[in-house]
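Going by the working numbering, the first residue of the sequence shown is number 44, and it counts up by one from there.
Even glycine gets a Cβ: it sits at the ideal position worked out from N, Cα and C.
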Amino acid sequence: MAGFVINVIVWELATWSADKIRAILTANIQLLVPFSHSVPVKCSRCRMKTLWLSFLILPFLSSLGAEDGIGPKETKPKKARLPKIKEENNILVLKKSNFDRALNETKYLLVEFYISLSGPSQILAEEFAKAAGQLKKEAPGIRFGKVDITDQKDLKKEFNIQEFPTVKFFVDGDRKNPIDCKGVREASAFITWVRRRIGPSTVVINSTDQAEAIINSEDLAVIGFFKELHGGAVDVFYETARDVPELPFGVTASEEVFVSYGIRENTIAVFKKGKPVHNEVSGDSKQNKVDLTRLIKTFTMDLVTEYNLETSVKIFDVPVENHILLFTPKNSETFNKTYEDYKSAAVEFRGKIMFILVDTNETRNGRVFEYFRITEVDVPAVRILNLTSDAKYKMPADEVTVENLRSFCHSYLGGKAKPHVSSEEIPEDWDKNPVKVLVGKNFNRVTFNKTKNVFVMFYAPWSHDCRKLLPIWDELGKKYEHHENIVIAKIDFTANDIQLVMLDRYPFFRFFPVGSNNQVVVYDGEYTLEAFAEFLEKQSKPKAEATKKPPSGESKEDVTEEETVIKQKEEL
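Set out below in C-alpha cells:
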C-alpha cells in the first residue's frame, strides 16, 4: 500500500500542479510514517524506501505551502514606517528634513514660502488653506505645502526666496525646476491655476451660445479667435491663460463665432461685463507671453485705481513697472475736475503706465506719503515710480491737466525725464562715530570707492525691528572702528532716495565690496553681532584686490545675489 502511494506521487510529481500535489500529499502523508513501522522485517528495504521518500517529500510540501502562504514562513524583519508629514489645515508642514520626501510622495506639490508674522503671508494663508482642502478631496494627487523661511533658511537660499509670500509649483518631484505661481491670491484662483497647469488651460468654443456663456460668466473674460488651434500665437495664448487663473479663457476657430463678433483675423478680445473693451490682433512674429499677460491683467484694474488696503496687493500683481500717482484730497473743491483730467490722460497710456489715486485725507496712506516725501503743501502732486529701479520722477508742472500729464508721461517713456532725488543734509559729524551716517548726497561717494568695504544698514526710524537692531549695529561699528578698509554705516531710507533694486522690508543690509564697480551683495543671514562679523570676514577684500581682475569664469561662492545700482542722474 505504501509503495503504491509513493510510486504514484513520484511518478506524477513532475506533471501535477502545485494544488494537485498538495491535495495528494495532504491526504496520504499521514499514512507514510505509521505504515512504515508496521512493515515486516523482511520488507526492510521497502520500509527504508518509504521513510527515505517521506523525508524527501515533506520538505517539498513545506516549500509549496510557503509559496502559497500555507505552512511555516520565513519571517523577515519589518521596515519601520516613517511617520506622516505633519499637516495643518490640509497643508503639509515642510522642512529641510522632509522636503525631498514630500516631493517623492507627491506628483503635484504647490508650496508657499512665508514668514509667519508677515501681514501679506497671513492674508494669503487662509485662501491657500481653502484651496488645499478642496483639492485634497477632489484630486488627492495634488497637495499643498508650506515653508516658514524664518526657520528654514537653507530652503530660502536654495529657492532664492526674495519676497514673501512666494508660491512655487513642483511637478514629478523635480526639485530644480519649480514653476513660479505669481499674482494668485484667492482660493478659487489657486485651484484654477493648478488645474490649468496639469490640464487644458482654455475652453474650446464651438458655438456663439458657448462664447456668450463664457463672456458673461465673470466681469472680465478673454476669448482668443484663431484660424488654427495649435502652433504659433495660439500656443502663447495657452501659456498666458495658465498664468492668469483669475479670468475665464476661451479659444475658438469656429467661423460662426468669428462672424458673430465681427472678427476676421487672429485676434485676442477682452470683454468686460459682457462688452468688448479691447481687441488685440495676434501676429506670430510679435506675440509674446509677457506683453500679453500685461495687457490682459491691466484690464483687471480700473482705468484709475484708488490706493487702499484692498487694492494695494492687486496693484503690484499687474506686471506694469511704471506707476503714476496723483496725491490729492478727495474732498477738495477741485477734485472732480482734477480726477476727470487724470482719467482722460490714463486712456492713452493703458498697459504702459498704471494710473493710481492716493487720497491725502486717508491717514492709513501715511506710509505712501512718507515714501514719496509728500507733504501737505505739495498737494495736489504727481509722481512716477519705476518699480524696477525704484527711481521716482516729479511732474515739472504744478497744475494737473490732461496736457501736463500727457507731456510728463511722454517725457518719462521717452527717457527724457530726470529722477527726482530726495536727500537729507550731510550731518557735520557724519563720520565721527564708529557707525558712519549716510544720506542721499554722500551715499555713492562713500559706498562706491576703491579702498573701502562698506556694510550698510537701511532702516526706518519708526520701525520697532530697526530700533531693536541699532544697538547691535553700533557694537559692530565699534568692533571694526579702526579697521583699515572696513566701514560700518547706516542710512534712514525713509528720508533719502537710494536707487537700489531688490529692496526688502526694514531693516535690510547691503555690502559694497572694495572696488566693486557698482556691485552690491545682499546680506540674508541672522541679525546677530557674530553673524554680521562672520559675513564681513568672508566678504571683505584687502585693498590690493581692488585692482585685480578675477580669472575668466570665476564666481563668488558667498555672494547670494548681485544688484545693479542705478546711478543718480542728478547730482545734488
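| Asked | Found |
| --- | --- |
| Can you tell which of E155, H526 and W473 has the C-alpha that lies nearest to the C-alpha of K495? | H526 |
| Would N309 be called buried (16 or more neighbouring beta carbons within 10 Å of its own) or exposed? | buried |
| Compute the Euclidean distance between the alpha carbons of G394 and I311, then round it to the nearest angstrom. | 15 Å |
| So for Q253, helix, strand or coil by DSSP? | helix |
| Helix, strand or coil for E130 per DSSP? | strand |
| Does D535 come out as helix, strand or coil in the three-state DSSP assignment? | strand |
| Spatial neighbours of N447 within its chain, please: C-beta separation below 7 Å, excluding the five flanking residues on both sides. | M438 and A440 |
| With a threshold of 16 other CB atoms inside 10 Å of the CB of H453, please say whether the residue is buried or exposed. | exposed |
| So F342 packs on V320, CB below 8 Å; how close in whole Å? | 6 Å |
| Looking only at its own chain, which residues have a Cβ that is under 7 Å from the Cβ of N147, when we skip the five neighbours before and after it? | G216 |
| For the alpha helix (DSSP H) containing Q582, list its first residue and its last residue. | L572 to Q582 |
| Tell me, please, which residues DSSP counts as bridged to Y436. | I427 |
| Can the beta-carbon of N404 be found closer than 8 Å to that of K373? | yes |
| Quick one: give me the first and last residue of the beta strand (DSSP E) that R186 is part of. | I185 to D191 |
| Should H273 go down as buried or exposed, given a rule of 16 or more other Cβ atoms within 10 Å for buried? | exposed |
| Could you give the distance in angstroms between the alpha-carbon of R410 and the alpha-carbon of M500? | 20 Å |
| Based on DSSP bridge pairs, tell me the residues matched to A264. | F314 |
| If we call anything under 8 Å between Cβ atoms a contact, is G483 one with S465? | yes |
| Are the region 179-190 and the region 220-229 touching, with three or more C-beta to C-beta distances below 8 Å? | no |
| Considering only their Cβ atoms, is the gap separating D286 from T348 smaller than 8 Å? | no |
| If you compare alpha carbons, which of P550, G558 and G275 is closest to N487? | G558 |
| Determine the direct distance from the alpha carbon of E299 to that of G31, and round the result to whole angstroms. | Beyond the ends of the chain as shown, which are 44 and 615, falls residue 31; an answer cannot be given. |
| For N132, I'd like the list of residues in its chain whose CB is within less than 6 Å of its CB, leaving aside the five on either flank, ordered along the chain. | A172 |
| So, is L400 buried or exposed, given that buried needs 16 or more other C-beta atoms within 10 angstroms? | buried |
| Looking at the structure shown, is G520 part of a helix, part of a strand, or coil, going by DSSP? | helix |
| What separation, rounded to the nearest whole angstrom, lies between the Cα atoms of T590 and V324? | Only weak support exists for where T590 lies, its pLDDT of 45 falling under 50; the coordinates are left without a value. |
| Can you tell me whether Y281 is helix, strand or coil according to DSSP? | helix |
| Would you report the Cα separation of F212 and K189, rounded to the nearest angstrom? | 11 Å |
| Can you check DSSP and say which residues form a bridge with K479? | A532 |
| Output needed for A532: all residues of its chain with C-beta closer than 8 Å, excluding positions within five of it in sequence on either side, in chain order. | V478, K479, V480, L481, V489, T490, V497, F498, V499 and M500 |
| Mind reading off the beta-carbon distance from I339 to M397? Whole number of angstroms is fine, and I expect it under 8 Å. | I339 to M397, Cβ: 14 Å. No contact. |
| Count the C-beta pairs between the region 572-581 and the region 511-531 that are closer than 8 Å, then say yes if the count reaches three, no if not. | yes |
| According to DSSP, is E155 part of a helix, a strand, or is it coil? | strand |
| I'd like to know if the region 189-201 and the region 138-146 are in contact, where contact means that at least 3 CB-CB pairs between them fall below 8 Å. | yes |
| Pull up the distance between the alpha-carbon of L263 and that of V445, whole angstroms please. | 28 Å |
| Candidates A284, Y549, E261 and E229: which alpha carbon is nearest D247's? | Reading off the sequence shown, one finds Val at residue 247, where the question assumed Asp. That would be A284, whose Cα lies nearest to the Cα of V247. |
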